[in-house]
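Protein sequences, first through last, are from chains D and Y.
Per the numbering used here, residue 1 is the first one in the first sequence, and the count goes up by one each step.
Per the numbering used here, residue 1001 is the first one in the second sequence, and the count goes up by one each step.
Ideal Cβ placement from N, Cα and C applies to all residues, glycine included.
In what follows, a single structure is set out as structure tokens and then discussed.
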Amino acid sequence: MSFSESLSLALQNIWGSKMRSFLTMLGIIIGIAAVMVIVGLGNGMENYMTDMFKTIGTNICEVTLTGRDTSRTASVEDMYEVLRDNARYFDNMSPTVSMRGSIKVGTEELDYTNATGVAETYFEIKSYEIAEGRALHYMDMEARSRVCVIGSYVANEYYGGHAVGETIRINGAEFTIVGVMAQEDDEPARGMTDDVVYLPYSTAARLSGLGSVSSYSFTVIDEDNVSIAKTALENSLYDIFRSEDAYMVISMTQLLSVMTDMLNVVITILAVIAGISLVVGGVGIMNIMLVSVTERTREIGIRKALGAKESSIMVQFVIEAAVTACIGGIFGIIAGFGFSSLGTVIITNILGFDMEVTPSAGSIVLAVGASAAIGVAFGFLPARKAALLNPIDALRYE
Amino acid sequence: MTPLIEFRDLCKTYVMGDTIVRAADHISFSVNEGEFVAIVGKSGSGKSTCMNIIGCLDVPTSGEYLLDGRNVGAMSKNELSEIRNAKLGFIFQQYNLLPKLDLLDNVAVPLLYAGKGKRERRATAQKMLERVGLGDKLHNRPNQLSGGQQQRVSIARALSNSPSVILADEPTGALDSRTGREVLEMLQALHKEGNTVVLITHDNSIAATAQRIIRLEDGRVTFDGPASDPKAGVEKAGAMA
Ligand SMILES: Nc1ncnc2c1ncn2[C@@H]1O[C@H](COP(=O)(O)OP(=O)(O)OP(=O)(O)O)[C@@H](O)[C@H]1O
Ligand SMILES: [Mg+2]
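Spelled out as structure tokens, the structure:
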């Protein structure tokens, strides 16, 4: 008897008792759908995080000078020196000074807008485009000018799109807007990338009463070798401060990979737990197959009398179990996609995250493979029982 | 000519606790190709035991069973399956059709295990069903048929893989006398076409259909000879001769 004939026989038997077959499959369906949704959720979260980090820039190493455990200091000039020393790894650098004060347009307070002091190179580092007016210049740094570039969100919300030449108050000081950035986000929102003000770092440092600048953004040349570049940078900083506690270098790529690693561990654990329901599904199949062997004892006896070998009977039952599991697997995949879409709708509309539950092709292949394997594994015992039945007893069975 | 079926001093014993049941007790006989033999005997005389051994469903405890000159006792389970498929056609008292398959598929089961292709199986099965007069019911299920018709399906199935021996175990046991007679006539017709038929029954009048009688008592052969011999103990039903 050929494989395709065993297959069609199995399909006939499954189709012959639809309700029972469906209930038998249910464990597999739920297990596979659960694994798919969990893995999809993990993928969605990872994509979401990657996108977030991309907006920050995965090619950036952030340096924070804490000044702890050292009497040495580093000026902006020293840091430019560090950049030159590491020109093999880094192609750009900008000091960054976060402003923690009020930003006002007229009398209106902009509570969510971020104001940051940066160098003229910052726009290059972030590859921000200027839509109108000009970017910050080296001269602005030197002169500590009270000029700034604003994000498109601020320009549109508070200046009706025509902001160049207007003024904005930062910590009480009046700044002239010299440029407006091109829109960065697809949907600019409060507090996001387009809701920003950039002013010269020198001006910002003076305004916030800081003696020196303590944050710097370096851009790496080769994104694939961020960790080597990071080590080189750390070595240079150590040469300056002679203490490892005096500075902190954070690479966004590294941070991202640490976070995705952690996420993957959590998702894997959850998927394994969901996978246990697959085993339960397999036991369900085994149970029904055992019942089915008992019910079909006489049929088995007849088939044996008519010339079926043990192997034919065995194959028939194993294939039936495997096909049941595989059909369950297919329904499970359909259900998995359904629940994933539902999950996406719930997350985006109710929780307000822009996240998509995306089941991976790998998880689907794994799920189908697992269900077939479960079918074969759990079908084996009942099939063996059927194959070893004594034909005389089986023929007499009522 | 080597006999088709040969029992040589064959024994089959069952051990039940500390009693030993000799279901077949030193049985020797042989059946040649083309014979129509009835194995008769009272209940418990060992008919089913013989039938299981002839049918290669069971193997003897001692002695030899040669089918077509080959010793069945020495065969593996797989070989027994192959022999059943190729050499034997079973007709059971309870018909033993597969309820979920239509008649065509039922008759084709032995061909399936013989490895025949679908087209050939269907063609042969249809021919067999037509031969037993059920050519118009190819796609019916067994439960849509009368007992006599079901037994005809099982005859068609027994014939489908052109076996060397047709083995009928109480084939009329579940039928009324008229349909039973039809089935017996069919067996006689098969015999006339040259088939070897072994009929197992406890009923002397049914055994009288056969050419030759082997009578069993307590696992032993007490008579082996032509049905016409008065010592065979089977009364001839005139019309059936
Ligand atoms: N599996 C078995 N285990 C133990 N004893 C058995 C077994 N099968 C048959 N016997 C015994 O062997 C003897 C012969 O049995 P067998 O079934 O061959 O008789 P039979 O002639 O077919 O009877 P019947 O006409 O009632 O079917 C009986 O005494 C029976 O009890
Ligand atoms: Mg019997």
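Can you pull the chain D residues whose beta carbon is under 7 Å from the beta carbon of residue i, in chain order?
i                 : result
Leu1057 (chain Y) : Ala305, Pro391, Ile392
Lys1077 (chain Y) : Glu310
Asn1052 (chain Y) : Ile392
Asn1085 (chain Y) : Leu306, Gly307
Just checking residue i against ligand 1 - is the residue's beta carbon closer than 7 Å to any of the ligand's heavy atoms?
i                 : result
Ala1168 (chain Y) : no
Ser1043 (chain Y) : yes
Gly1173 (chain Y) : no
Thr1247 (chain Y) : Since the first residue shown for chain Y is 1001 and the last is 1241, residue 1247 (chain Y) is missing from the structure and cannot be characterised.
Val1059 (chain Y) : no
Tyr397 (chain D)  : no
Ala1023 (chain Y) : yes
Tyr1095 (chain Y) : no
Met19 (chain D)   : no
Met1016 (chain Y) : yes
His1202 (chain Y) : yes
Gly1046 (chain Y) : yes
So, are the CB atoms of residue i and residue j less than 8 Å apart?
i                 : j                 : result
Val164 (chain D)  : Val147 (chain D)  : no
Phe317 (chain D)  : Pro391 (chain D)  : no
Tyr198 (chain D)  : Tyr89 (chain D)   : no
Met181 (chain D)  : Val213 (chain D)  : no
Ala305 (chain D)  : Arg1084 (chain Y) : yes
Ser1154 (chain Y) : Ile1206 (chain Y) : no
Tyr153 (chain D)  : Phe353 (chain D)  : no
Leu1098 (chain Y) : Glu299 (chain D)  : yes
Ile347 (chain D)  : Ala321 (chain D)  : no
Ile1053 (chain Y) : Pro1060 (chain Y) : yes
Lys1087 (chain Y) : Asp1068 (chain Y) : yes
Leu7 (chain D)    : Ile288 (chain D)  : no
Ala1232 (chain Y) : Ile1213 (chain Y) : yes
Leu1216 (chain Y) : Leu1199 (chain Y) : no
Leu1167 (chain Y) : Met1051 (chain Y) : yes
Val105 (chain D)  : Leu210 (chain D)  : no
Pro188 (chain D)  : Asp194 (chain D)  : yes
Thr58 (chain D)   : Thr219 (chain D)  : no
Val1221 (chain Y) : Ile1005 (chain Y) : no
Glu1082 (chain Y) : Gly1073 (chain Y) : no
Gly1210 (chain Y) : Ala1038 (chain Y) : In the sequence under discussion, the amino acid at residue 1210 (chain Y) is Ala, which differs from the Gly named in the question. Yes; because the gap between Cβ atoms is below 8 Å, this pair is in contact.
Lys1137 (chain Y) : Leu1101 (chain Y) : no
Ligand 2 and residue i: does any heavy atom of the ligand fall closer than 7 Å to the residue's C-beta?
i                 : result
Ser1030 (chain Y) : no
In chain Y, what lies closer than 7 Å to residue i by C-beta?
i                : result
Ile302 (chain D) : Asn1096, Leu1098
Glu299 (chain D) : Leu1098
Mind checking who residue i pairs with in its DSSP beta bridge?
i                 : result
Phe218 (chain D)  : D:Cys61, D:Met93
Phe1036 (chain Y) : Y:Val1197
Gly1243 (chain Y) : The requested residue 1243 (chain Y) does not occur in the structure, where chain Y is confined to residues 1001 to 1241.
Tyr198 (chain D)  : D:Thr116, D:Val149
Lys54 (chain D)   : For Lys54 (chain D), which the question treats as bridged, DSSP gives no partner whatsoever.
Ile1166 (chain Y) : Y:Gly1089, Y:Val1197
Gly179 (chain D)  : D:Gly133, D:Val149
Thr1013 (chain Y) : Y:Arg1022
To the nearest whole angstrom, what separates the beta carbons of residue i and residue j, a pair I think is in contact under 8 Å?
i                 : j                 : result
Asn1106 (chain Y) : Arg1157 (chain Y) : 6 Å
Met45 (chain D)   : Pro359 (chain D)  : Not a contact, Cβ separation roughly 13 Å.
Ile333 (chain D)  : Ala367 (chain D)  : 7 Å
Gln1093 (chain Y) : Glu1185 (chain Y) : Their Cβ separation, rounded to whole angstroms, is 18 Å, which puts Gln1093 (chain Y) and Glu1185 (chain Y) out of contact at 8 Å.
Gly281 (chain D)  : Gly336 (chain D)  : About 14 Å; that fails the 8 Å criterion.
Ala246 (chain D)  : Thr70 (chain D)   : 4 Å
Ser1160 (chain Y) : Ala1125 (chain Y) : 6 Å
Ser236 (chain D)  : Val82 (chain D)   : 5 Å
Gly301 (chain D)  : Ala394 (chain D)  : 3 Å
Name, please, each residue of chain Y whose Cβ falls closer than 8 Å to the Cβ of residue i.
i                : result
Gly16 (chain D)  : Lys1100
Glu295 (chain D) : The premise fails here: Glu295 (chain D) is roughly 11 Å from chain Y at the closest Cβ pair, so nothing lies under 8 Å.
Leu11 (chain D)  : In chain order: nothing, as chain Y lies at least about 12 Å away.
Who are the neighbours of residue i on chain Y, taking C-beta pairs under 9 Å?
i                : result
Glu320 (chain D) : Per Cβ cutoff of 9 Å: no residues; Glu320 (chain D) is ~13 Å from chain Y at best.
Glu5 (chain D)   : Leu1112, Lys1118
Ligand 4 heavy atoms versus the CB of residue i: any closer than 7 Å?
i                 : result
Tyr1065 (chain Y) : Judged by which ligands are present, ligand 4 is missing from the structure shown, whose ligands are ligand 1 and ligand 2.
Check the Cβ of residue i against every Cβ in chain D and list those closer than 8 Å, keeping chain order.
i                 : result
Arg1131 (chain Y) : Within 8 Å Cβ-Cβ: nothing; Arg1131 (chain Y) doesn't reach chain D, min ~18 Å.
Glu1082 (chain Y) : Gly307, Lys309
Phe1090 (chain Y) : Ala305, Leu306
So with CB distances below 9 Å, who are the chain D contacts of residue i?
i                 : result
Val1109 (chain Y) : Ile302, Arg303, Leu306, Gly307, Ala308
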